[in-house]
Amino acid sequence: MNILLIDPFPEQMLAALRALGHPMRYEPDWTRAEIQANLAEVDILVMNSKVNADAELLRHGPRLKMICRAGVGMDHFDLPLLEANGIYAFNTPGANAIPVAEQAVGMLLCLMHNIARADRQVHAWQWRREENRGTELYGKTVGIIGYGNTGSAVARCLSGFGCRVLAYDKYKQGFGNAQVQEASLAEIQAQSDILSLHIPLTAETEGWVDAAFLKEFARPIWLLNLARGPIVPLAGLVEALASGQVIAAGLDVLENEKLPTLTPTQKAAMEQLFQNERVIFTPHIGGWSHESLDRINDRIVEGIGEFLGR
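Residue numbering for the sequence shown follows my numbering, starting at 95 and increasing by one per position.
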């Protein structure tokens, strides 16, 4: 079978794939047009998030039998279409759960103890202690929405901070343990001091955590989004911050991460958020550790090897 890789991957992974004994082509610089023009003879496509696995792509790949996503989110895969065409969609769930959980805790501590702001002030020769007095994470109630690999990793990390952790998952029940209490969405909104999102982007979740949703919380909250940007509309977050419903927010993902393509409305919201010291950003690096990269690449090689061995 012919294997095509269209995103950057390390030489160690490429060598492991070559060792499987099947023809392989590595083209990380190809555009979508170039990918489609060379897809006719490809059986296995390996990528991160360069292109959407949609009807147009499939039309150019009549031999496709497997598409591998080096990561977790599958929102750019048309899964029903792939299934209808007998194409195996493979991803690497859980491979980056640990770094996402660690970054969630890191962002939360940074917000609650004013670390980023205090750092900027000291760099500017300002020594302002009282205005940077922190709020303790200890004893707070954390609401986690989405209790898969990442949500459960966040719960494990937070359990060491003396937090009470509630988790809601529409598709899971019976997962409560010493680290986490299973809760309804209403209980999350009634009791949480902190909200951390760990759900996939779907038609149901897109735009879900808007200003109206946030108003349903009984008290002001700290908000973390390390899931998918479109789940939290930026204009709604601006409104919630202005009203005091959201105390502070840590965003690893954005509604539109291709910054040069922001709409006027998105750009206006971003500019307002940039001016707010209670908001911190990172460029979708929550799962971007050296160790998770190795785990993801190893699982891709293992998955393709198992598929070829069927």
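Every residue gets a Cβ at the ideal spot worked out from N, C-alpha and C, and that includes glycine.
For residue i, which residues of its own chain have a beta-carbon under 7 Å away from its beta-carbon, when the five flanking residues on both sides are left out?
{"i": "leucine 317", "result": "Leu289, Val340, Ala343"}
{"i": "glutamine 360", "result": "Leu328, Glu349, Asn350"}
{"i": "glutamate 281", "result": "Leu260"}
{"i": "asparagine 226", "result": "Asn208, Arg211, Ala212"}
{"i": "asparagine 179", "result": "Leu152"}
{"i": "isoleucine 315", "result": "Ser286, Asp287, Ile288, Leu289, Val340, Ile341"}
{"i": "valine 332", "result": "Ala363, Gln366, Leu367"}
{"i": "glycine 167", "result": "Pro294, Leu295, Arg322"}
{"i": "glycine 188", "result": "Asn243"}
{"i": "alanine 284", "result": "Ala312"}
{"i": "alanine 334", "result": "Ala305, Leu308, Val340"}
Could you tell me which of the options sits nearest to residue i, measuring between CA atoms?
{"i": "threonine 186", "options": "Ile394, Glu400, Phe401, Leu260", "result": "Ile394"}
{"i": "alanine 134", "options": "Leu335, Gln215, Ala362, Met95", "result": "Met95"}
{"i": "isoleucine 374", "options": "Gln215, Arg223, Tyr262, Met201", "result": "Met201"}
{"i": "leucine 39", "options": "Leu308, Gly256, Phe171, Gln273", "result": "Given a span of 95 to 404 for the chain in the structure shown, any question on residue 39 remains unanswerable."}
{"i": "leucine 291", "options": "Gln273, Ala305, Leu345, Phe255", "result": "Leu345"}
{"i": "valine 136", "options": "Pro122, Leu158, Phe255, Gly330", "result": "Leu158"}
{"i": "valine 274", "options": "Glu177, Gly245, Ala110", "result": "Gly245"}
{"i": "glutamate 196", "options": "Pro377, Glu121, Ala247, Ala306", "result": "Ala247"}
{"i": "valine 347", "options": "Leu356, Ala334, Asn319", "result": "Asn319"}
{"i": "proline 377", "options": "Glu385, Lys352, Asn370, Glu371", "result": "Lys352"}
Would residue i be called buried (16 or more neighbouring beta carbons within 10 Å of its own) or exposed?
{"i": "glycine 115", "result": "exposed"}
{"i": "glutamate 230", "result": "exposed"}
{"i": "tryptophan 124", "result": "buried"}
{"i": "leucine 205", "result": "buried"}
{"i": "asparagine 271", "result": "exposed"}
{"i": "lysine 264", "result": "exposed"}
{"i": "arginine 214", "result": "exposed"}
{"i": "lysine 91", "result": "For residue 91 there is no data in the structure shown, the boundaries of the chain being 95 and 404."}
{"i": "serine 337", "result": "exposed"}
{"i": "threonine 299", "result": "buried"}
Residues in its own chain within less than 6 Å of residue i by CB, not counting five upstream and five downstream?
{"i": "arginine 112", "result": "Met118"}
{"i": "glycine 381", "result": "Asn190, Pro193, Val194"}
{"i": "phenylalanine 401", "result": "Met160"}
{"i": "leucine 252", "result": "Val236, Val259"}
Given residue i, which residues of its chain have a CB within under 8 Å of its CB, disregarding the five upstream and five downstream residues?
{"i": "glutamine 267", "result": "Glu276"}
Would you grab the beta carbon distance between residue i and residue j for me? Rounded to a whole angstrom, and I think it's under 8 Å.
{"i": "alanine 249", "j": "isoleucine 238", "result": "6 Å"}
{"i": "isoleucine 181", "j": "cysteine 162", "result": "Actually they do not touch by this definition, with Cβ atoms about 11 Å apart."}
{"i": "glycine 165", "j": "isoleucine 390", "result": "7 Å"}
{"i": "glycine 399", "j": "phenylalanine 184", "result": "At roughly 11 Å, the Cβ-Cβ gap does not stay under 8 Å, so glycine 399 and phenylalanine 184 are not in contact."}
{"i": "tyrosine 232", "j": "glycine 254", "result": "Not confirmed; about 10 Å, so no contact."}
**Prompt:** How about the stretch 324-332 and the stretch 281-299: do they share at least three Cβ pairs that are nearer than 8 Å?
**Reply:** A contact exists between the stretch 324-332 and the stretch 281-299.
**Message:** Is it the case that the stretch 141-161 contacts the stretch 99-111, given that we only count it when at least three CB pairs across the two stretches are under 8 Å?
**Reply:** The stretch 99-111 makes contact with the stretch 141-161, as at least three CB pairs between them are under 8 Å.
**Asked** Pairing CB atoms from the stretch 124-140 with CB atoms from the stretch 151-159, are three or more of them under 8 Å?
**Response** Contact between the stretch 124-140 and the stretch 151-159 is present, because at least three Cβ pairs lie under 8 Å.
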